[in-house]
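Enquirer: First residue of the sequence shown? That's 72 in my numbering, and the numbers climb one at a time after it.
Built from N, CA and C at the ideal position, the CB exists for glycine as well.
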Amino acid sequence: MILFDPAERMRAMASASVLPWSEQARIVDDANRIENGTLDAVVWNALWMCLPSRRDCAECLAEAYRVLRPGGLFVASVTHPCFRDRQFATFRTSFDMDDYWREGMPFQVTMFDGTYVVQFTDYHWSLGEMSRQLKEAGLQLHELREISDLDEAPWPRGVPWLVLVAKR
Ligand SMILES: C[S@@+](CC[C@H](N)C(=O)[O-])C[C@H]1O[C@@H](n2cnc3c(N)ncnc32)[C@H](O)[C@@H]1O
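1. Is M72 near ligand 1 - that is, is its Cβ less than 8 Å away from at least one heavy atom of it?
2. Looking at ligand 1, does it come within less than 8 Å of D169, judged from the CB to the closest heavy atom?
3. Specify the secondary structure class of A147 as computed by DSSP and reduced to three states.
4. Consult DSSP for L110 and reduce its assignment to one of helix, strand or coil.
5. If I measure Cβ to Cβ from Q95 and keep anything under 6 Å in the same chain, skipping five residues before and after, which residues do I get?
6. Note down, in chain order, each residue of its chain lying with its Cβ closer than 7 Å to the Cβ of E200, except the 5 sequence neighbours on either side.
7. Let me make sure I understand the geometry here. Which of A147, D100, L110 has the alpha-carbon closest to that of W232?
8. Does the beta-carbon of V99 have 16 or more other beta-carbons within 10 angstroms, so that it is buried, or is it exposed?
9. Tell me where the alpha helix (DSSP H) around W136 begins and ends.
10. Can you tell me which residues form a DSSP beta bridge with K238?
11. Would you say the beta carbon of M81 comes nearer than 8 Å to a heavy atom of ligand 1?
12. Considering just the uninterrupted stretch of the beta strand (DSSP E) at V230, what are its terminal residues?
13. With burial defined as no fewer than 16 other Cβ atoms inside 10 Å of the residue's Cβ, what is the status of R216: buried or exposed?
14. Assuming the contact rule is C-beta atoms closer than 8 Å, H151 and M176 should be a hit. Round their C-beta distance to whole Å, please.
15. So what does DSSP say about L198, is it helix, strand or coil?
16. For F159, which residues from the same chain have a beta carbon less than 6 Å from its beta carbon, with the 5 sequence-adjacent residues on both sides left out?
17. Taking all protein chains shown into account, decide if T109 is buried (16 or more other Cβ within 10 angstroms of its Cβ) or exposed.
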C-alpha cells in the first residue's frame, strides 16, 4: 500500500494512523516515485472536490491511470453532487443547485462532529462531468455506490456520499 498526499501535515497524519498496523504501507511525497502500471487499485478519498480546475482533474486522473496495472481499479469517494445543497449529519455546504451546470464552481463546506467545526472551499464537479473526465482519462466507469447518512435527523435528506468505481 502506497499513501500519497502533497500536504506534509496529511502525510504525518497518515504515518501516525497507518504505519502502526501496516508494515507494508509506504508514504511518498511525490507521486512520480510510484512506478508505471504497478498498482492494483488507486483510491481517492474526498480528493476530487479539492481539485479547482478541469486541468488539475485531468492531470490527477492521468496519474491514476499511469500507476494502475491494466484491469486495475480506480475508486473515488465524493460528496454527492446531486444533493450538494442538503444538510447532513456531519456537513453542509453553501452550494446552490442553480449552479449545478457550472463545473468547477467553488463552494463553502462546513464540517462538524458535535465538538469541532471546520470550514473550507471545495469545487463542484457534476456527475456527468466526473463521468466525462474518467472517460477522457481512459478509465471505464464500472459502478456507482451511494452511501447513506449517519443518523435519522428530521431535515429533508438526500445522499451525502457517492463512490465511483472505474477500471483501467
Ligand atoms: C479532504 S482531504 C482528504 C484527505 C484524505 N484522503 C482523507 O481521506 O482523509 C483532501 C486531500 O487531498 C489532497 N490533495 C490536494 N491536491 C491533491 C493532488 N493533486 N493529489 C493528491 N492529493 C491532493 C489535500 O492535500 C488533502 O489532504
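Expert: By the coordinates alone:
1. no
2. Not under cutoff, so the answer is no.
3. strand
4. strand
5. M72
6. Taken in chain order, the residues that qualify are E174.
7. Per the C-alpha coordinates, the member of A147, D100, L110 positioned closest to W232 is A147.
8. exposed
9. Looking at the sequence provided, one finds Tyr at residue 136 rather than Trp. Y136 -> alpha helix (DSSP H) spans 125–138.
10. L144, Q211
11. M81: yes, Cβ under 8 Å from ligand 1.
12. V230 -> no beta strand (DSSP E), and no H or E assigned at all.
13. exposed
14. At roughly 15 Å, the Cβ-Cβ gap does not stay under 8 Å, so H151 and M176 are not in contact.
15. In this structure, L198 counts as helix in the three-state DSSP scheme.
16. D220, P231
17. exposed
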